[in-house]
Structure formats: structure tokens, C-alpha cells
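Undergrad: So that we are looking at the same thing, I have put the structure below in C-alpha cells.
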Amino acid sequence: MHHSKKLINSVEHCVDDALQGLVAWNVGMQLVQGHRIVIRSDLKNLKGKVALLSGGGSGHEPAHAGYVGAGMLTAAIAGDVFTSPPTGSIAAAIRTVVRAGAAGVLLIVKNYTGDRLNFGLALEETKMEGIPVEMIIIADDCAFTRQKKAGRRGLCGTVLIHKIAGAMSQMGKSLNEIVAKLNATLSKLGTMGICLSPCSVPGSVPTFHLEPDEMELGLGIHGEAGIERIKMVSTDEVVQKIIDHMLNPTNESHLSLQAGDHIVLIVNNLGGLSCLELNIVANSSIQYLESKEFIIERAYVGSFMTALEMGGTSLTLMHADPEQLQLLDAYTSAPGWPNVSKRSLAQRSRTVNIPNLEHEDTDKTPGSGPFVDKVRSILDMVSTTLLQMEEELNELDREAGDGDCGSTHARAAHAIKEFLTSDAVPGNGYKLLLRLGKVIRDQMGGTSGALYSISLIAAAPNLKTNNNPSAWSAALDSGIGAIKRYGGAEPGDRTMLDSLCAAADELRNMTDEGGNDMQVLAKAVQKAEAAAESTKIMKANVGRASYISSAQLTRPDPGAVASAAILKAILTALEQPTQNIQE
Numbered sequence: 008m009h010h011s012k013k014l015i016n017s018v019e020h021c022v023d024d025a026l027q028g029l030v031a032w033n034v035g036m037q038l039v040q041g042h043r044i045v046i047r048s049d050l051k052n053l054k055g056k057v058a059l060l061s062g063g064g065s066g067h068e069p070a071h072a073g074y075v076g077a078g079m080l081t082a083a084i085a086g087d088v089f090t091s092p093p094t095g096s097i098a099a100a101i102r103t104v105v106r107a108g109a110a111g112v113l114l115i116v117k118n119y120t121g122d123r124l125n126f127g128l129a130l131e132e133t134k135m136e137g138i139p140v141e142m143i144i145i146a147d148d149c150a151f152t153r154q155k156k157a158g159r160r161g162l163c164g165t166v167l168i169h170k171i172a173g174a175m176s177q178m179g180k181s182l183n184e185i186v187a188k189l190n191a192t193l194s195k196l197g198t199m200g201i202c203l204s205p206c207s208v209p210g211s212v213p214t215f216h217l218e219p220d221e222m223e224l225g226l227g228i229h230g231e232a233g234i235e236r237i238k239m240v241s242t243d244e245v246v247q248k249i250i251d252h253m254l255n256p257t258n259e260s261h262l263s264l265q266a267g268d269h270i271v272l273i274v275n276n277l278g279g280l281s282c283l284e285l286n287i288v289a290n291s292s293i294q295y296l297e298s299k300e301f302i303i304e305r306a307y308v309g310s311f312m313t314a315l316e317m318g319g320t321s322l323t324l325m326h327a328d329p330e331q332l333q334l335l336d337a338y339t340s341a342p343g344w345p346n347v348s349k350r351s352l353a354q355r356s357r358t359v360n361i362p363n364l365e366h367e368d369t370d371k372t373p374g375s376g377p378f379v380d381k382v383r384s385i386l387d388m389v390s391t392t393l394l395q396m397e398e399e400l401n402e403l404d405r406e407a408g409d410g411d412c413g414s415t416h417a418r419a420a421h422a423i424k425e426f427l428t429s430d431a432v433p434g435n436g437y438k439l440l441l442r443l444g445k446v447i448r449d450q451m452g453g454t455s456g457a458l459y460s461i462s463l464i465a466a467a468p469n470l471k472t473n474n475n476p477s478a479w480s481a482a483l484d485s486g487i488g489a490i491k492r493y494g495g496a497e498p499g500d501r502t503m504l505d506s507l508c509a510a511a512d513e514l515r516n517m518t519d520e521g522g523n524d525m526q527v528l529a530k531a532v533q534k535a536e537a538a539a540e541s542t543k544i545m546k547a548n549v550g551r552a553s554y555i556s557s558a559q560l561t562r563p564d565p566g567a568v569a570s571a572a573i574l575k576a577i578l579t580a581l582e583q584p585t586q587n588i589q590e
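Taken in order, the sequence shown gives residues 8 to 590; the numbers are from the working numbering.
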């Protein structure tokens with residue numbers, strides 16, 4: 008197995024570089040020289056208040072140094088990755104805060120043997136110097152149904168303890184008051200995680216292996232084993248499984264909750280889950296907890312206590328009273344604490360209905376006369392042509408794009424056919440182009456849908472007063488202008504513009520005196536087809552094709568081919584004999 012890739016300078020300096028980086032972008036904290044201690048910059052504000060120290064192995068960021076700040080931790084002591092910090096540094100941190108005038112020191116320690124030993128040893132040493140130090144052990148893991156001798160592990164619930172203790176210290180509460188409140192809180196706190204992919208300590212191979220179709224339930228934040236491996240299931244299913252396990256009374260490490268209880272939820276990213284997935288986990292969790300009639304007062308979603316890049320999440324539940332909520336809501340300057348609402352999630356509408364504010368074209372009466380008949384035959388010809396070309400355009404698009412150009416145009420063709428059957432075809436060009444623009448916008452999708460729609464809507468005003476040939480030529484020019492403006496392309500960039508601009512140059516020769524319309528249009532179509540063919544030898548400068556080297560592009564651009572075909576279909580429809588034409 009290979010070592011996992013890491014964006015570091017060196018394995019030996021990764022922890023120090025990370026701590027330096029944290030302090031570099033946070034003015035509210037400093038590093039203690041010669042130690043891995045991150046401490047508040049404003050120690051003068053500590054006088055007479057209880058100092059709160061926490062820490063542990065690195066790799067759980069933002070825990071614990073990200074929680075240093077007014078209203079949370081006074082200092083955090085870091086060890087190597089997944090390794091308990093040395094007693095000497097913990098004792099140095101205790102002495103430093105006492106020298107700054109702290110009225111007692113509380114050590115907040117996760118329940119791991121190394122942490123308990125090193126923090127415990129520092130506590131015993133400094134107690135002998137007469138310093139009032141207390142230690143509180145966080146053991147919020149709900150995974151193991153039978154209590155192990157080592158007890159339950161300390162997980163993400165620790166962050167809520169930091170916050171509650173920090174707010175109490177800020178209010179000037181005594182060491183004994185804080186310890187009593189935290190002890191009462193600990194029994195109402197539980198966490199459990201799931202994992203899809205392991206993490207690896209810098210310089211090492213991954214800590215364990217999961218098959219592509221497996222997930223592990225109840226593992227720790229160092230990659231230590233969980234309670235079971237299951238086949239991959241949906242988010243809803245796995246969230247229900249975790250919560251049911253956490254609350255199951257036969258589980259010796261369960262959390263006791265009853266319907267109607269007020270709770271706080273943390274949805275914690277274990278480091279490698281995408282933010283998209285985390286919000287899906289949050290949604291499943293909130294829906295399931297609410298279906299069990301718990302009242303969710305606050306939810307915190309993000310990365311609070313991670314395990315390097317482990318792909319997974321943990322859920323923390325806490326049974327909370329109004330006083331605890333006040334402490335959670337209190338201000339903190341710590342960068343790791345999220346900016347979330349201070350109101351209950353319950354009893355509120357999560358969706359808003361807006362009226363349709365779009366300006367509706369009230370005139371739905373069908374137009375009549377030769378114009379409408381012509382439009383019908385043109386639109387029919389255009390849509391039939393695009394449906395016939397679907398596979399050809401997809402094939403061209405596979406070379407340069409994502410292979411859906413034909414399908415996108417076919418969607419537009421179906422929408423036009425539906426427009427012809429259901430909708431009244433307007434009797435003038437202005438309304439026609441606006442109506443078509445909306446049909447394309449709502450039905451076609453893709454970049455081409457937006458480009459066609461934007462050009463139709465920009466073209467329409469030219470036809471407000473008359474439908475003469477020169478007005479149609481001006482309309483095409485305006486449509487092209489909009490495509491250039493919003494699409495960022497020019498002729499020669501290997502796009503639909505190559506065909507459209509070639510045709511537009513020719514169509515400017517239209518005169519309203521009449522007579523030459525069809526010859527000019529026929530010539531414009533020839534120019535468009537030639538331009539589409541010539542995109543073969545062009546380099547793509549915009550669009551998806553621009554990410555492919557031009558050496559690999561040997562066939563014409565599908566957008567250019569499609570727009571030339573549309574012009575050709577218009578010509579073909581107009582050449583069919585009917586009465587006098589005004590297009």
C-alpha cells in the first residue's frame with residue numbers, strides 16, 4: 008500500500024506548521040515559545056476568572072486550538088498527530104495561566120489513556136505547588152453496548168463542554184460551580200460516528216481498510232475499531248441506525264431521551280466528507296429526530312472534531328435545559344465555533360411560497376393570417392430537423408464536450424412541437440420571439456438553452472413596430488450581440504456564433520423594397536453551412552471544448568452545425584409555396 012498524499016512540508020514539522028498557521032490567521036491567539044501551546048492573546052482579561060485548558064493529539068482540528076478565545080478555552084496543548092501531549096507542556100500551560108491571575112484551572116480531557124495519564128500527572132505536579140486545578144473527563148461515545156474497562160471514548164461532545172465551561176468562566180463563575188454544571192451535563196451527552204473511508208497519519212499508510220461497498224459504525228477519532236461493518240446504505244437508513252443505537256436502553260452506553268425532550272444536535276464532519284453530503288446527513292438527522300418528537304433547540308453542522316481526512320460523520324446529541332442553551336448562545340471569539348442562529352429549529356416554516364411575479368403576456372388569442380401559417384410551418388420544420396439530427400449532434404459533441412448537444416436540441420424540438428399544439432402562435436414577430444424565448448428557457452436546459460433564450464429575448468424588441476425583412480436582420484444582430492455579451496465568445500472561437508455571424512453578414516443585404524429576400528436568405532444559409540464546416544480547423548476558445556487540445560478536435564462544432572441547420576430549415580419552410588411572404 009502507498010502512503011496517502013498529504014499537502015505538507017515534512018512529516019516531522021506538520022504539527023508545528025499547522026499550529027503556526029492557525030496563529031498566523033487568528034490575532035486572538037499566540038504560541039508559547041518552546042511548547043505546542045496555543046494561548047489567548049488577551050491574558051490580561053483572565054484575572055479572577057477560571058482558566059480552561061484542553062488538548063490532545065493533533066489531527067482533530069479545529070479541536071482543540073480552534074476553540075481558544077474569549078468565551079471558550081484559555082489555552083490548548085497539542086501533541087503529535089493522534090498522540091497525547093507531553094506532561095511538561097501541560098504543566099507549563101497551567102503555570103502560565105496562573106501567573107496571569109487565573110482563579111483556578113480546569114483541565115477538560117477526552118477519555119483516552121494517554122491523555123488521562125499526561126493531564127493527570129500535570130495536575131498532580133501543579134497541585135503540589137498549591138494551584139487549584141481540577142480535571143473533568145469527557146466520555147460521550149455511545150457505540151459500545153457493553154462497557155469496556157477503559158470506559159467510553161471522548162468524542163465531539165467535548166466541544167459543547169468547552170463552550171458551556173467557557174461561557175461560565177466568562178461570567179465569572181467559580182471552579183466548583185463550573186465543575187458541578189459540567190458533571191450534570193456529561194450524563195446527558197452522547198456521540199456516535201460512521202465512516203466510509205479511513206484516514207492516514209502523515210508518513211504512514213491508512214490505519215485500516217474498508218471495501219468499496221462497506222461502511223463502519225461506531226469507530227473512534229483515530230481510526231480505532233467500531234462496533235460493526237455494514238454494506239453501504241442510504242443516508243436516511245444509516246442515520247436512523249446510529250440514532251436508534253444511541254438511544255437504545257439495552258445499550259449500556261446509551262443516552263436516555265424521551266419524546267418531548269429539548270435537545271442540541273451536532274452533525275460533525277470527520278474530515279473528509281463533502282459539505283454537500285454533510286447537509287444531507289443534517290437533513291436526515293433533523294427529520295428523524297423530529298419524527299421521534301424531540302424538540303431540536305440548536306443544530307451545529309460542520310467540522311468540529313475531525314480525524315484527519317477520514318470520510319465520515321458523527322452525530323452528537325445533548326439533552327439541554329434553558330440555562331445550557333443560554334451558555335451555548337453566549338458570545339465567543341474562538342474561530343472554531345460556528346455562527347449559528349440562537350433560535351429553536353422547531354415550529355417554523357422552512358419553505359416560503361412566492362407568487363409568480365413574472366410579467367404574463369395576457370394576449371393569448373391566436374394570431375391569424377399568412378404570418379401565423381408561415382411561422383407554424385417554419386417551427387415544424389425546425390423541430391423536425393433537430394429531432395432528426397439528435398444522434399449526429401451528440402456524436403459531434405462527444406469529441407469536444409459531454410455528448411449531449413443533440414439531446415439538448417431534441418428537448419427544445421419537443422418543446423416547440425408542444426408549443427405548436429397547445430399554445431396560440433402569436434400574430435407578430437415581437438410576441439413570437441418572446442414566447443419562444445420563454446419556451447426554450449424553461450424546457451431546453453444546458454448552456455445552449457440559455458444562449459438561444461437570451462438571444463431570442465434580445466432580438467424581440469427590433470420587431471415591436473414592424474416585421475419587415477430589415478427588422479428581422481436587425482433582430483438577428485441583436486441576438487448575436489447578446490450571445491457575445493453573456494457567452495463571452497466571438498466569431499472564430501468555434502461556437503454557434505460562427506454560423507450565425509456568417510449568416511447575419513449576408514442578411515444585412517435585405518431591403519424592405521422586397522424582391523431579393525429569398526436569394527439573400529439562401530446565400531446566408533450557404534454561408535452559415537460553410538462557416539459551420541470551417542469550425543473543424545478552429546481552436547476552441549470558450550465552452551467545454553476549450554479544455555481539450557485542438558489537436559484532438561477534428562470535426563465541426565455541434566453548436567455551429569445546429570444553428571446552420573436551423574437557418575436551413577427556415578429557408579426550406581419558406582420555399583414551400585404559399586401566399587405572399589413578409590419574412
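A virtual CB, placed ideally from N, CA and C, is assigned to each residue, including glycine.
What are the boundary residues of the alpha helix (DSSP H) that residue 99 is part of?
TA: Per DSSP, residue 99 belongs to the alpha helix (DSSP H) from 94-106.
Undergrad: Hey, does residue 564 have any beta-carbon neighbour from chain C nearer than 7 Å?
TA: Here chain C cannot be found, since the structure has a single protein chain.
Undergrad: Check for me: the beta strand (DSSP E) holding residue 274 runs from which residue to which?
TA: Looking at the DSSP string, the run of the beta strand (DSSP E) that includes residue 274 is 269-276.
Undergrad: How is the alpha helix (DSSP H) around residue 534 delimited, first residue to last?
TA: It spans 524-541 - the alpha helix (DSSP H) in which residue 534 sits, taken as one unbroken run.
Undergrad: Does DSSP classify residue 322 as helix, strand or coil?
TA: DSSP places residue 322 in strand when its eight states are reduced to three.
Undergrad: Could you give the first and the last residue of the continuous beta strand (DSSP E) run that contains residue 3?
TA: There is no way to answer for residue 3, as the model of the chain reaches only from 8 to 590.
Undergrad: Cutting at 7 Å between CB atoms, please list the residues of its own chain near residue 498, excluding the five before and the five after it.
TA: The answer, listed in chain order, is 504, 505, 508.
Undergrad: Here's a check: name, in chain order, each residue in its chain whose Cβ is nearer than 8 Å to the Cβ of residue 236, leaving out the five neighbours to either side.
TA: Correct list, in chain order: 217, 221, 222, 223, 224.
Undergrad: Would residue 440 and residue 463 qualify as a contact pair, given that the criterion is a beta-carbon distance under 7 Å?
TA: For residue 440 and residue 463, yes; Cβs fall inside 7 Å.
Undergrad: At the level of alpha carbons, what is the spacing between residue 65 and residue 298?
TA: About 37 Å.
Undergrad: Is residue 202 helix, strand or coil by DSSP?
TA: Strand.
Undergrad: Rank 56, 480, 257, 390 by C-alpha distance to the C-alpha of residue 572 and give the top, closest one.
TA: When only C-alpha atoms are compared, the closest one is 390.
Undergrad: Kindly indicate which residue of 576, 233, 116 has the alpha-carbon position closest to the one of residue 61.
TA: Ranking the options by Cα distance to residue 61, first place goes to 116.
Undergrad: Output the boundary residues of the alpha helix (DSSP H) element that contains residue 422.
TA: Where residue 422 is concerned, the enclosing alpha helix (DSSP H) stretches over 412-429.
Undergrad: Under the three-state reduction of DSSP, which class applies to residue 338: helix, strand or coil?
TA: In this structure, residue 338 counts as coil in the three-state DSSP scheme.
Undergrad: So the alpha helix (DSSP H) residue 450 belongs to, where does it begin and stop?
TA: Here the alpha helix (DSSP H) through residue 450 covers 436-450.
Undergrad: Starting from residue 142, follow its DSSP beta bridges and name the residues at the other end.
TA: Answer by DSSP bridge pairing, in chain order: 114.
Undergrad: Nearest to residue 79 by CA position, among 578, 59, 204, is which residue?
TA: It is 59.
Undergrad: Quick check: what's the CA-CA separation for residue 421 versus residue 562?
TA: About 27 Å.
Undergrad: Go ahead and pull the three-state DSSP assignment for residue 588.
TA: Residue confidence for residue 588 is low, a pLDDT of 44 falling below 50, so the modelled location carries little weight and cannot support an answer.
Undergrad: Could you have a look at residue 511 and say whether DSSP puts it in helix, strand or coil?
TA: Helix, per DSSP.
Undergrad: Within the continuous beta strand (DSSP E) that includes residue 36, where are the two ends?
TA: Looking at the DSSP string, the run of the beta strand (DSSP E) that includes residue 36 is 36-38.
Undergrad: Which value, in whole angstroms, describes the spacing of the CA atoms of residue 219 and residue 239?
TA: About 9 Å.
Undergrad: Less than 8 Å between C-beta atoms, sequence neighbours within five positions excluded: which residues of the same chain meet that for residue 302?
TA: Hits under 8 Å: 267, 268, 269, 270, 351, 353.
Undergrad: Using a 10 Å radius around the Cβ and a threshold of 16 neighbouring Cβ atoms, would you call residue 531 buried or exposed?
TA: Under this definition residue 531 is a buried residue.
Undergrad: Within a Cβ cutoff of 6 Å, which residues of the same chain sit near residue 478, ignoring the five residues on either side of it in sequence?
TA: Once the five neighbours on either side are set aside, the close Cβ partners of residue 478 are 469, 470.
Undergrad: Using a Cβ-Cβ cut-off of 6 Å (strictly less than) and excluding sequence neighbours within five positions of residue 586, which residues of its own chain qualify?
TA: The pLDDT assigned to residue 586 is 46, lower than 50, so where the model puts this residue is not dependable; a value taken from the coordinates is nonetheless given after this. Cβ within range, chain order: 377.
Undergrad: Report the rounded CA-to-CA distance for residue 386 versus residue 456, giving the unit in angstroms.
TA: So the alpha carbons of these two residues sit roughly 16 Å apart.
Undergrad: Quick check: what's the CA-CA separation for residue 56 versus residue 155?
TA: Rounded to the nearest angstrom, the two C-alpha atoms are 37 Å apart.
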